[in-house]
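These notes are about the structure you will find just below.
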Amino acid sequence: MTALAIQPLLDAIRTHAEDDLLARVQVPETGREFHLLHRDDEVEVWLIAWSPGASTGFHDHGTATTAFTVLTGSLVEHNWLGGLQIADVGPGDARAHEAGHVHDVRNVGSRPAISLHAYAPRLDAMHHYRFLGDRISLIGAEPGRP
0 MTALAIQPLL
10 DAIRTHAEDD
20 LLARVQVPET
30 GREFHLLHRD
40 DEVEVWLIAW
50 SPGASTGFHD
60 HGTATTAFTV
70 LTGSLVEHNW
80 LGGLQIADVG
90 PGDARAHEAG
100 HVHDVRNVGS
110 RPAISLHAYA
120 PRLDAMHHYR
130 FLGDRISLIG
140 AEPGRP
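Residue numbers (numbering that gives the first Met the number 0): 0 to 145.
As structure tokens, then:
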């Protein structure tokens, strides 16, 4: 992935991370809650609150390049790169991926987490996958939302 491709997304999450975002968030009892913070023709930015145990399941972001950072709590990202790779993502850590990257993001902790995500171009679709140990299999698609 080129720095040129992800730099606007990293800039977007840094800009929005400076806002007083935590006052806007109510963490759900289960699952995730989404707040659209910004959308224009080139990028959209979402704030996501994660209850303990919440997971995205394996998915990609269609044609969108993505970047995210954790504001509070911690998340674990499971990346499919021809094999499974796991990354802990804590407050201030940033992750970025090219379009088509398959991952699962989870809050495995006992406390809520809050993260900030940017997509370029705007998120138009998500494809969901089943993890089969040594491979992944496409199981469906839906209109774009983190």
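For glycine and all other residues, C-beta sits at the position ideal for the given N, C-alpha and C. Predicted, not measured: the structure shown is a model, and the values here were computed from it.
According to DSSP, is residue i helix, strand or coil?
i      : result
Glu23  : This sequence places Arg at residue 23; Glu is not what is there. DSSP places Arg23 in helix when its eight states are reduced to three.
Gly139 : strand
Asp39  : coil
Trp45  : strand
Gly95  : According to the sequence shown, residue 95 is Ala rather than Gly. Strand, per DSSP.
Glu28  : coil
Beta-carbon separation of residue i and residue j under 7 Å?
i      : j      : result
Ala98  : Ala66  : no
Gly89  : Ser109 : no
Leu137 : Leu46  : no
Arg105 : Ser50  : no
Ala124 : Ala140 : yes
Val107 : Val75  : yes
Val26  : Leu36  : no
With a cut-off of 8 Å on the beta carbons, I'd call residue i and residue j a contact; round off their distance for me.
i      : j      : result
His60  : Leu122 : 6 Å
Asp103 : Phe57  : 5 Å
Thr62  : Pro120 : 7 Å
Hey, quick one: how far does the beta strand (DSSP E) through residue i stretch, first residue to last?
i      : result
Ala117 : Ala112 to Ala119
Asp147 : Only positions 0 to 145 of the chain appear in this structure, which leaves residue 147 out of reach.
His126 : Ala124 to Phe130
Phe57  : It is not in any beta strand (DSSP E) - Phe57 carries neither H nor E in the DSSP assignment.
Ala63  : Unbroken run through Ala63: none, as it is neither H nor E.
Leu83  : Leu83 to Val88
Leu74  : Leu74 to Trp79
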